[in-house]
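Residue numbers (the working numbering): 842 to 1105.
Think of the CB as a built atom: it goes at the ideal place given N, C-alpha and C, for glycine as much as any other residue.
Small disclaimer: the values here were computed from a predicted structure and weren't measured.
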Ligand SMILES: [Zn+2]
């Protein structure tokens, strides 16, 4: 049985100055059930609608607009604490001569469905079975309802090409992020799979703010069921079961040890 990644760690979500180290204080052997019980006491309640991206970030009181100078997109949003942490990281990077650019931030269910449905209609998929189409799209794109971008905690930086991060400016950006992003709470969850995780391929651009995304994954695992995906209104939703979207994709992330737990 593959390991189910569950989240233990910080519940200090309301704290405005979390560092990755301070945040990770819980016993890594705590099991998911007690984590969730504990979370119920001190975490803000993440609703199923939030976890599934079924809300408008522009109208959500916990979200803020990313400043226009920080992104090449118009009107994109992050949770306020994530934006604040990102601002500190961006400033520190800039002081080291590294320019960070937000290419994508919060994407709600409707937005993700737009991405998914455009790919679903690709001419190259003519005649393919639904499960094969979905598996192919899942190489890099999440099913609507199952994206970390729904949570307001995850950002895509600078380039959507892994190659860009391998030389010149891109290599400098990646080296800086690898060395320093953790100091601001950000972690590259889609690594090169050398750790044995399942799911999406390497994404050097995707960084996750774990002090909030950690508890949100635990909340997702506690509150969201398979039928929330398979019954959702998008093409191929029924394949979420056979493609193990919950265990292999939603939970197919690299996490620092203190954020991991192994199913027993
Ligand atoms: Zn991303």
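Return the bridge partner residues of residue i from the DSSP annotation.
| i | result |
| --- | --- |
| residue 1100 | Paired residue(s): none; residue 1100 is not in a bridge. |
| residue 1049 | 995, 1028 |
| residue 927 | Residue 927 is not bridged to any residue. |
| residue 919 | 905 |
Pull up the distance between the alpha-carbon of residue i and that of residue j, whole angstroms please.
| i | j | result |
| --- | --- | --- |
| residue 895 | residue 949 | 6 Å |
| residue 966 | residue 982 | 16 Å |
| residue 964 | residue 1026 | 41 Å |
| residue 1033 | residue 1081 | 23 Å |
| residue 1054 | residue 904 | 14 Å |
| residue 1016 | residue 890 | 36 Å |
| residue 1038 | residue 1089 | 8 Å |
| residue 1010 | residue 912 | 18 Å |
Of the residues the options, which one's Cα is nearest the Cα of residue i?
| i | options | result |
| --- | --- | --- |
| residue 1066 | 909, 1086, 935, 1076 | 1086 |
| residue 985 | 1078, 1032, 1056, 1025 | 1078 |
| residue 1069 | 1026, 988, 1099, 1029 | 988 |
| residue 955 | 1083, 1064, 978, 937 | 978 |
| residue 953 | 927, 920, 1030, 991 | 991 |
| residue 892 | 1063, 1049, 910 | 1063 |
| residue 1040 | 1093, 889, 1013 | 1093 |
| residue 1003 | 1029, 890, 927, 925 | 1029 |
| residue 1091 | 1071, 1058, 969, 1051 | 1058 |
How far does the alpha helix (DSSP H) with residue i in it extend, from its first residue to its last?
| i | result |
| --- | --- |
| residue 1014 | 1009 to 1021 |
| residue 1070 | 1067 to 1071 |
The beta strand (DSSP E) that contains residue i, what's its start and end?
| i | result |
| --- | --- |
| residue 945 | 943 to 945 |
| residue 904 | 904 to 906 |
Given that a residue counts as buried once 16 or more other Cβ atoms are within 10 Å of its Cβ, and exposed if not, what is residue i?
| i | result |
| --- | --- |
| residue 929 | exposed |
| residue 1098 | exposed |
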